[in-house]
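Worksheet: the structure to be examined is printed underneath.
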Amino acid sequence: MKAIELLHPDLPELLDELLRRQSWSWEQVERGDARLDGKPVTLRDLEWFLINADPVLWAECNLLNRPEDGGGLWRFFDYQRPSLRLRHHVVHQDGAEVGKTREIIALILWGIVGIARGSILVGSSLDGDLDEIWEDLLFQISSNPFLAEQVARTTTKPYRRITFANGLKVLFRPAGHDGSAFRGVHVRGWLLHDEAAKVTNPRSWSEFWRAAKPGAEIRIYSVPTGDRLCTFQRIADAAVPAEQVLPPASTRALIASILGRRPVADETSRTVARELGGRRWVRFHWPKTIMPAPFWCEARRQEFVEMYGSPDDPGYVHNVLGEPGDPEYSVFPARLLDPCTRCLTDYQSVELRWDNRAQRLDVLARRLNPQHVAATGEATGEDADDEAEGRPMSPYLEVYRDSIDMSDYHALDPSAKRARIEELVRSAVRRPEGMLTGGIDVGSSSVTEINVEAGIPGGLESWLLRVHLTGWDWYAQAVLISVLDDTLQPAGGWGLDATGVGKSLLDVLHGQHEALRERVSGFVFNAVVPAINPETGEPQADPQTGRVPNISYKELATQLLERALARRAKEIPADPELLHLLQNHTYTVTPNGRTFLKRHDHVVDAWRCIALRLYVLAFGAATSSPPVAYKALPGRSDSSAGLKDF
Numbered sequence: 059m060k061a062i063e064l065l066h067p068d069l070p071e072l073l074d075e076l077l078r079r080q081s082w083s084w085e086q087v088e089r090g091d092a093r094l095d096g097k098p099v100t101l102r103d104l105e106w107f108l109i110n111a112d113p114v115l116w117a118e119c120n121l122l123n124r125p126e127d128g129g130g131l132w133r134f135f136d137y138q139r140p141s142l143r144l145r146h147h148v149v150h151q152d153g154a155e156v157g158k159t160r161e162i163i164a165l166i167l168w169g170i171v172g173i174a175r176g177s178i179l180v181g182s183s184l185d186g187d188l189d190e191i192w193e194d195l196l197f198q199i200s201s202n203p204f205l206a207e208q209v210a211r212t213t214t215k216p217y218r219r220i221t222f223a224n225g226l227k228v229l230f231r232p233a234g235h236d237g238s239a240f241r242g243v244h245v246r247g248w249l250l251h252d253e254a255a256k257v258t259n260p261r262s263w264s265e266f267w268r269a270a271k272p273g274a275e276i277r278i279y280s281v282p283t284g285d286r287l288c289t290f291q292r293i294a295d296a297a298v299p300a301e302q303v304l305p306p307a308s309t310r311a312l313i314a315s316i317l318g319r320r321p322v323a324d325e326t327s328r329t330v331a332r333e334l335g336g337r338r339w340v341r342f343h344w345p346k347t348i349m350p351a352p353f354w355c356e357a358r359r360q361e362f363v364e365m366y367g368s369p370d371d372p373g374y375v376h377n378v379l380g381e382p383g384d385p386e387y388s389v390f391p392a393r394l395l396d397p398c399t400r401c402l403t404d405y406q407s408v409e410l411r412w413d414n415r416a417q418r419l420d421v422l423a424r425r426l427n428p429q430h431v432a433a434t435g436e437a438t439g440e441d442a443d444d445e446a447e448g449r450p451m452s453p454y455l456e457v458y459r460d461s462i463d464m465s466d467y468h469a470l471d472p473s474a475k476r477a478r479i480e481e482l483v484r485s486a487v488r489r490p491e492g493m494l495t496g497g498i499d500v501g502s503s504s505v506t507e508i509n510v511e512a513g514i515p516g517g518l519e520s521w522l523l524r525v526h527l528t529g530w531d532w533y534a535q536a537v538l539i540s541v542l543d544d545t546l547q548p549a550g551g552w553g554l555d556a557t558g559v560g561k562s563l564l565d566v567l568h569g570q571h572e573a574l575r576e577r578v579s580g581f582v583f584n585a586v587v588p589a590i591n592p593e594t595g596e597p598q599a600d601p602q603t604g605r606v607p608n609i610s611y612k613e614l615a616t617q618l619l620e621r622a623l624a625r626r627a628k629e630i631p632a633d634p635e636l637l638h639l640l641q642n643h644t645y646t647v648t649p650n651g652r653t654f655l656k657r658h659d660h661v662v663d664a665w666r667c668i669a670l671r672l673y674v675l676a677f678g679a680a681t682s683s684p685p686v687a688y689k690a691l692p693g694r695s696d697s698s699a700g701l702k703d704f
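The numbering used here puts the first residue of the sequence shown at 59, with every later residue one more than the last.
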C-alpha cells in the first residue's frame, strides 16, 4: 500500500477505529472499494472528515502560534481538549491565562466548517476586553490562506463583525452597563461570554440570554472575582462538575461522539430560561496548577506567592487557583464561616413572596438535603444516581409550596387577617427546638428578613430558621411577626433594625400589638455606644490612648458575630444562598472605622439584631430605642426555663 503522511499524529488511531466501525480495511479504502452513498471514499476524504468534525484536530491542523511564541501549529494541553469537544452549555471558572481565549478562538474559526449559515455572539464586560480575541482572529485569518478565502466581510463600527462565505456571522458586543448592545441579536450557534464575572447587572444577562435561539450553545468564561452573588458565580456553583459528565477518554468514545453527535437543545428545553433553571450547565475548572512546566512549577508558585503576598490572598485564590474564595474585605470570610457550617437538619428556609399585582402569596418552605454533596461530601440513595447521570443533587428538600389568593385580605377585619396568617404559619413554619431568639431587618424595597437562632449567650447558637419576605406592607408584617412570636415562643424575644424604614415597622408593632412592646427591641445601627469587651460587657479602653472609643451599634453587632464565629460558638446552616449572602458582605476602611456595604445585607442585619438582643439580655445594656426590659409572657412553658442563663 502506498504510504501517505497524515496531517495529525492522532489520526492513525482514529482512522483505525473509524474503519473498524464501518467494517472496512485500509486496502479497501486504497482500492476505492469503500463507498458512502454509492460514492468511493478515499483515505484523504476520511482524514478531512475527522479533522473537520473535531474542533481539537481542526485547530491543531489549521491554527498557528505567533512568531514571538515560537511559531508552529497549535497544540492544546490535555486538560483543554475535553472542553472543546463537549457540546453542552459550559461555564469556565478558571485561573488567569490558562487557555480560555484559545478555546474561544478555536470554536469561532471551527465554526467555518462546523456551523453552516449560523451565527456566533462573542460578549464581554467591556469592548476593550474583546481586543485580544479580535486581534488573534485577524492574525489566524491572515496566516492561513484557507481562512482568508472564507472571509466575506469585516466591519468594526458600530460593533466588530466578521461574515464568512458560508453565511456564518461572528458578532462582537460589549455588555456595557445594561446589555443594550445585545438587543436585537439572535444566535443559532454559540454564545461565548468572556470576563463573565465582571458583568453584575442582571439586565445585561437577561439581554444576553435572549439572544439565544433554540439549539444555541452557551459558554461563559471568567476568572472568579469573589462576588458570590453575581450571575456567573451562581451558575458556576450550581453547575455539574465536568468530570461527572465527560465521556471516557478513549479513541472509541471520540469516534462515537463524532458519529453520533446531536444538538444541545431538545423538545423539553426550548427556552434559555428553562436551560438556566435545569440541569444542563457543565463546569470546567482550570487552575494554573494543572498547567505543565514551565507554565507551572515551584518557581512559578513562589513567584505568584511573592506577587500577591500570600497564597491565601484573594488575588492568588482568584487568579492562580481559579477559586471564588472571598471578595476583597469580606466581613465573614470562608475562614470564619467554614468551621461553623453544618448540615443542620432542623434548619428551615421559608420564602413568602406577596405578588400585589396578581394578589397572590407564593409560599415555599425548604430544609437542607442531608445527602447533598456540599453538606456531607458524599452522595447516597436516589440522588446519588442523579449525580452519576450528570444531574446535580439539590441542596434543598421541598417541605411545602402553595400559592394563596390574597385578593380579599385587606378587606378582612383584624381577627380574620390574623387567622389567615396563622393558617399560613402553621403550614409553612415548624418551631425549632431550644431557647430561641429572633432578628428582623426591614429593607427599603419591600424586602424583610427574619432569622431565628437557638441557644443562649456564651453557649452554642444554631441558626435554625430564615424567613424571607417580599411585597409585604408594614401592617401585614406586624401581624406575621406577632403570629411568629406566638408560634415560636422565643424566650429571647426579638431584635429589630430600627434604622430608617425599620422604625416604621417598630412603631406599628408597638402600637398595634401590645404583647410585643417588651419583646421586640429596636436598634438604630448608626447610633453610637462605647466600645465594650464582648466577654464581660465592660467598657474597653484603647490601649494607646486609655480612652474608651465610641462605635456604632452595627460595628458592635459585627464584632459580636466575628468573635462568636472565631471561637466556633455559632452553627451556620449549609444553605448555599445564605452562605453566598454572608461571604459577599464587604466593607471599606475609612478614618472613622469600617463602612459596611449596603447591598443584599438584609439577612446579615437580621443576624446582627440577634447578636445585639442576646448581648443586652446577657449584660443589660440599654438599646437605642426603646429600652430593653425582658419580661416572660404568661403561659409560655419555655420562657422561665433557662431564664437565669440570660
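Every residue gets a Cβ at the ideal spot worked out from N, C-alpha and C, and that includes glycine.
The model shown is predicted, which means the values in this text are computed figures rather than measured ones.
Item, Value
"Buried or exposed for E63, going by 16 or more other Cβ atoms inside 10 Å?", "exposed"
"Using the C-alpha atoms, what's the distance from A254 back to R575?", "49 Å"
"Report buried or exposed for R78, applying the criterion of at least 16 other Cβ atoms within 10 angstroms of its Cβ.", "exposed"
"Counting along the chain, where does the beta strand (DSSP E) carrying Q598 start and finish?", "Neither: Q598 is in no beta strand (DSSP E) and is coded neither H nor E."
"By Cβ distance below 8 Å, which residues in the same chain neighbour S262 in space, the five residues on each side in sequence not counted?", "A233, G234, H235, D236, G237 and F240"
"On the three-pair Cβ rule with 8 Å, is the stretch 179-198 touching the stretch 389-403?", "no"
"On the three-state DSSP scale, how would you describe V322?", "A caution first: V322 carries a pLDDT of 37, below 50, which makes its placement in the model too unreliable to give a value."
"Which residues in the same chain have their Cβ closer than 8 Å to the Cβ of N608, if we skip the five residues on either side of it in sequence?", "V586, V587, P588 and A589"
"With 16 as the cutoff for other CB atoms within 10 Å, does G169 come out buried or exposed?", "buried"
"Could you check what DSSP says for I514 in three-state terms: helix, strand or coil?", "coil"
"Give the secondary structure of G551 by DSSP, where H, G and I count as helix, E and B as strand, and everything else as coil.", "coil"
"Are the CB atoms of G558 and C667 nearer to each other than 9 Å?", "no"
"Can you name, in chain order, every residue of its own chain whose Cβ lies under 6 Å from the Cβ of F342, other than the five neighbours on each side?", "S141, H150 and A300"
"So, helix, strand or coil for N224, using DSSP?", "coil"
"G157 to P272, Cα distance in whole Å?", "28 Å"
"Measuring CA to CA, which of N427, L470, P472 and S280 is closest to Y454?", "N427"
"For P385, count neighbouring C-beta atoms within 10 Å of its own C-beta (all shown protein chains included) and say buried if the count is 16 or more, exposed if not.", "buried"
"Rounded to whole angstroms, what is the Cα-Cα separation between N259 and E613?", "29 Å"
"How would you label C355, buried or exposed, when you count the other beta carbons within 10 angstroms and need 16 or more for buried?", "exposed"
"Is the beta carbon of S177 sitting closer than 9 Å to the one on R246?", "yes"
"Give the straight-line distance between the Cα atoms of P490 and D285, rounded to the nearest whole angstrom.", "32 Å"
"Return yes when the Cβ of R488 is within less than 9 Å of the Cβ of Q406, no when it is not.", "yes"
"Give me the Cα-Cα distance between P282 and S183, rounded to the nearest whole angstrom.", "14 Å"
"Helix, strand or coil for H643, going by three-state DSSP, please let me know.", "coil"
"Which of the three DSSP states, helix, strand or coil, is assigned to S201?", "helix"
"Can you tell me whether L65 is helix, strand or coil according to DSSP?", "coil"
"Since I believe L250 is in contact with R277 (beta carbons under 8 Å), could you give me their beta-carbon distance rounded to a whole number of angstroms?", "5 Å"
"Whole angstroms is fine: what's the gap from E464's alpha carbon to V148's?", "According to the sequence as given, residue 464 is Met; it is not Glu. Rounded to whole angstroms, M464 to V148 spans 41 Å at the Cα level."
"Would you mind sorting G397 into buried or exposed? The rule is 16 or more other CB atoms within 10 Å of its CB.", "It is worth fixing the name first, because residue 397 is Pro in this sequence and not Gly. Exposed."
"Counting along the chain, where does the beta strand (DSSP E) carrying Q86 start and finish?", "Looking at the DSSP string, Q86 is not in any beta strand (DSSP E); the run it does join, the alpha helix (DSSP H), is W84 to R89."
"Cβ of A556 within 9 Å of Cβ of F581?", "yes"
"Which class does L131 belong to by DSSP, given the choice of helix, strand or coil?", "strand"
"Can you give the Cα-Cα distance for I348 and G153, rounded to whole angstroms?", "10 Å"
"I need the straight-line Cα distance from N642 to L675, nearest angstrom please.", "29 Å"
"Measure the CB-CB distance between I166 and V228 and report whether it falls below 9 Å.", "yes"
"Just mark A512 as buried or exposed, buried being the case when its beta carbon has 16 or more other beta carbons within 10 Å.", "buried"
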